[in-house]
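Participant: Numbering (the numbering used here), first residue to last: 116 to 346.
From the three backbone atoms N, C-alpha and C, an ideal C-beta is built for every residue, glycine too.
None of the values given here were measured: they were computed from a predicted structure.
Structure below; questions to follow.
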């Protein structure tokens, strides 16, 4: 059985990716900071392990044998914890560790989950620069995330073929899985509704199984007319 490694498997995006991977017959190495807190992740086909996405040696250790890796890690569980403990270099460190550790482990495909806040709005500015659209108190997190994307771009033509998939709207836990997502560019897709975690996971697994975008960032969204529920 082919396997993927999911960094941040305990979060909403990580759980959705894990579920989609199992649905497609992949085994999953679910990487979390504290496996004892995520015992419920254990299931047939899932191995829950301790790992540090900012440490290249840890990345190498947990990723060996995987056909692809997913970066869905947040440095903390949510903005409600505040930003006093936020390391502004967290996503830069993660990018460096993933590129080095995955290359050492022989894993050539990395899909990172992006942040809506650094897509460009209609005025050409990042969404995070518009206080009416994005809460200023969360901006430090958005800046840290953007720095990680910049670091991936600076890596050039390295051994790891990375792709960042950025939701083109808000992520909605209960929105449908349609399998009809589309990719955009650097701008917020016009008129795009929110994206479900399940649909984001479909895009992630599609790009691991059959890569179509390479060493770039794209937005991912479901056209409004395509939002019909599928079984």
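#1: Measure the CB-CB distance between residue 184 and residue 148 and report whether it falls below 8 Å.
#2: Which full runs of the alpha helix (DSSP H) of 4+ residues lie inside the stretch 185 to 261, going along the chain?
#3: Locate the alpha helix (DSSP H) running through residue 132, then write down its first and last residues.
#4: In terms of alpha-carbon separation, which member of 253, 168, 289, 182 lies closest to residue 320?
#5: Count the C-beta pairs between the stretch 137 to 146 and the stretch 206 to 222 that are closer than 8 Å, then say yes if the count reaches three, no if not.
#6: With respect to the beta strand (DSSP E) encompassing residue 276, which residues constitute its N-terminal and C-terminal limits?
#7: Who does residue 324 pair with in a DSSP beta bridge?
#8: If you measure between the beta carbons of residue 283 and residue 249, is that distance less than 8 Å?
#9: For residue 177, which three-state DSSP category applies?
#10: Rounded to the nearest angstrom, what separates residue 338 and residue 219 at their Cα positions?
#11: Enumerate in chain order the residues of its own chain whose CB-to-CB distance from residue 135 is below 8 Å, with the five nearest sequence positions on each side excluded.
#12: With contact counted as at least three CB pairs below 8 Å, one residue from each stretch, are the stretch 264 to 280 and the stretch 223 to 237 in contact?
#13: Identify the continuous beta strand (DSSP E) that holds residue 142 and give its terminal residues.
#14: Go ahead and label residue 186 buried or exposed: buried means 16 or more other beta carbons lie within 10 angstroms of its beta carbon, across all protein chains shown.
#15: Could you say if the stretch 123 to 131 and the stretch 152 to 164 meet the contact criterion of at least three C-beta pairs nearer than 8 Å?
Facilitator: In brief:
#1: Within the chain shown, numbered from 1, the residue matching residue 184 stands at position 69. Within the chain shown, numbered from 1, the residue matching residue 148 stands at position 33. Cβ atoms of residue 184 and residue 148: not closer than 8 Å.
#2: 205 to 220
#3: Taking the first residue of the chain shown as position 1, residue 132 is located at position 17. Run containing residue 132: 127 to 138, per the alpha helix (DSSP H) assignment.
#4: Locating residue 320 in the chain shown gives position 205, where the first residue counts as 1. Cα-wise, what sits closest to residue 320 is 182.
#5: no
#6: Position 161 of the chain shown, counting from 1, holds the residue named residue 276. Counting along the chain, the beta strand (DSSP E) containing residue 276 begins and ends at 276 to 282.
#7: Taking the chain shown and counting its residues from 1, one reaches residue 324 at position 209. Looking at the DSSP assignment, residue 324 forms no beta bridge with any residue, so it has no partner.
#8: Here residue 283 refers to the residue found at position 168 when the chain shown is read from its first residue. Here residue 249 refers to the residue found at position 134 when the chain shown is read from its first residue. Taking 8 Å as the Cβ cut-off, residue 283 and residue 249 do not qualify as a contacting pair.
#9: Numbered from its first residue, the chain shown carries residue 177 at position 62. Looking at residue 177 - three-state DSSP - the assignment turns out to be helix.
#10: Stepping through the chain shown from its first residue, residue 338 is reached at position 223. Stepping through the chain shown from its first residue, residue 219 is reached at position 104. Cα-Cα distance, rounded: 39 Å.
#11: Mapped onto the chain shown, residue 135 falls at position 20. Answer for residue 135: 313, 316, 317, 319, 320, listed in chain order.
#12: yes
#13: What you label residue 142 is simply residue 27 of the chain shown in a count that begins at 1. Taken as a continuous stretch (DSSP letters only), the beta strand (DSSP E) holding residue 142 covers 142 to 147.
#14: Here residue 186 refers to the residue found at position 71 of the chain shown. Classification of residue 186: buried, given that the 10 Å Cβ count is 16 or more.
#15: yes
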